[in-house]
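> Going by the UniProt record's numbering, the sequence shown opens with residue 1, and the numbers climb by one from there.
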Amino acid sequence: MTAQNRPDDGSSADAEDGPEAGPGDGPGDGPMAASGDGPGTGAKDGPGGGARSRRPGRPPRDAARHLERAHRILDTAGELVLDRGYDATTIGDIARRAGVAKGTIYLHWRTREELFAALLRRERAEMAAEVRRSAEDTPGRLRDLLGLLAAGLLRRPLLRASLLGDSAVLGGLTRAKRDDRADAELRAGFGPYLAALTRHGALRADLTPAEHVTALSSILYGFLTIPRLLPGTYVPDDGRLAQLVADACGRALESGTAPTDDDAREIRRATLRYIDFVLESARHKLCLSLGTEETPR
């Protein structure tokens, strides 16, 4: 059944889950992007590229209702995948719990994989917005960014599962390949950020950019992974864990030299610019997945 002859009210329920889409946006090179979008949709994510997640055909008659329904479906999908895991969650399950027909879901996304890519994109955009708001109240050092990112990931089990490749939660989604476009985009943002921090004396001069990325990624992955392997009595609460990530980042990567007032301002400005870069990219990709030109909720 095509998008053109599916009723917009979702009265058709005979669609199947459909083939899985090709892999797309995988984990990237920057700390905020390490959580990735999950497997993508094969969409051209640059401006003007269009969204393959959005089925071609007539635009929705009520854009606000269409968007509200998309978010309701994503809310339901998130609940189910955390409860059952991705592999055990079908389009039919999502439709029943969300109170829509299966055909309605295909008005928004062509496959189950595209739906879950949209869910992870929404999680990433919302977390980036949270980090941006919280960063306003910090000095804007690299350690501050890593601490905020760790706190955000600890509050978002789906993004944490995507970052860690947790097959118990995301199943087949963790086997998707990386997307070279996503990697290039993240290098374009994180490379200049590291260069700015180095230029203003915030980072150790004896480490290369690649070594900085390796070290900070190891810190983040390690602190998020190891607690699952330890007895509960040895695992700090999430707030303290995020503080430990920030502290380890500062001790391992920062120069230890107090910046001048001018350098401190530039360091903070560079951090906020990088977060803005990630936030804009995340919102753009989410808009593509939701078929809207406006920043979703």
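Think of the CB as a built atom: it goes at the ideal place given N, C-alpha and C, for glycine as much as any other residue.
Please report the residue range of the alpha helix (DSSP H) in which G201 lies.
Unbroken run through G201: none, as it is neither H nor E.
> For E254, write down the residues that DSSP places opposite it in a beta bridge.
Answer by DSSP bridge pairing, in chain order: L203.
> Measure the C-alpha to C-alpha separation of A95 and L67 and round it to an integer number of angstroms.
Taking the straight line from one Cα to the other gives about 16 Å.
> Just confirm the distance between the C-beta atoms of V100 and T89, as a whole number of angstroms; I'd bet it's less than 8 Å.
Contact flag wrong, Cβ pair sits at about 15 Å.
> If L220 and V245 are in contact, beta carbons under 8 Å, what's the gap, nearest whole angstrom?
Contact flag correct, Cβ pair sits at about 6 Å.
> Give me, in chain order, the residues of the same chain whose beta-carbon lies closer than 7 Å to that of L290; leave out the 5 immediate sequence neighbours on both sides.
Cβ neighbours of L290 beyond the five flanking positions: L67, A70, A118, P296.
> Alpha carbon to alpha carbon, how far is D62 from T292?
Each residue's Cα considered, the two are about 12 Å apart.
> Indicate the three-state DSSP secondary structure (helix, strand or coil) for V235 in the structure shown.
Coil, per DSSP.
> Rounded to the nearest angstrom, what separates D237 and D247 at their Cα positions?
Whole-angstrom Cα-Cα distance: 15 Å.
> Which same chain residues, not among the five before or five after R160, have their C-beta less than 8 Å away from its C-beta?
Closer than 8 Å at Cβ, skipping near neighbours: S35, L153, L154, D166, L224.
> Nearest-angstrom Cα distance between R65 and R72?
The alpha-carbon atoms of R65 and R72 are separated by roughly 10 Å.
> Comparing alpha-carbon positions, which option in F190, T233, R228 lies nearest H212?
The residue with the shortest Cα to Cα distance from H212 is F190.
> Within its chain, find whatever has a CB closer than 6 Å to the CB of P209; leave out the 5 residues flanking it on each side and keep chain order.
Only L194 meet the Cβ criterion.
> Are L115 and A77 touching if we call contact CB-CB under 8 Å?
Taking 8 Å as the Cβ cut-off, L115 and A77 qualify as a contacting pair.
> Would you say T225 faces chain C, with C-beta separation under 8 Å as the test?
Among the chains of the structure shown, chain C does not appear; only one protein chain is present.
> For the alpha helix (DSSP H) containing I94, list its first residue and its last residue.
91 to 98 is the extent of the alpha helix (DSSP H) around I94.
> What residue does the alpha helix (DSSP H) around E136 start on, and which one ends it?
Note, E136: premise wrong, no alpha helix (DSSP H); not H, not E.
> Tell me, to the nearest whole angstrom, how far the beta carbon of R199 is from that of S255; I am working on the premise that it is less than 8 Å.
About 12 Å; that fails the 8 Å criterion.
> So, helix, strand or coil for L154, using DSSP?
Correct three-state label for L154: helix.
> Pick out whichever of G92, L142, S134 has its Cα sitting closest to the Cα of E266.
The residue with the shortest Cα to Cα distance from E266 is L142.
> Helix, strand or coil, according to DSSP, for P192 in the structure here?
Residue state, collapsed to three classes: helix.
> Answer yes or no: do G85 and A168 have a C-beta to C-beta separation smaller than 8 Å?
Yes; because the gap between Cβ atoms is below 8 Å, this pair is in contact.
> So L253 packs on A150, CB below 8 Å; how close in whole Å?
In fact, because the Cβ distance is near 14 Å, the residues do not count as touching under 8 Å.
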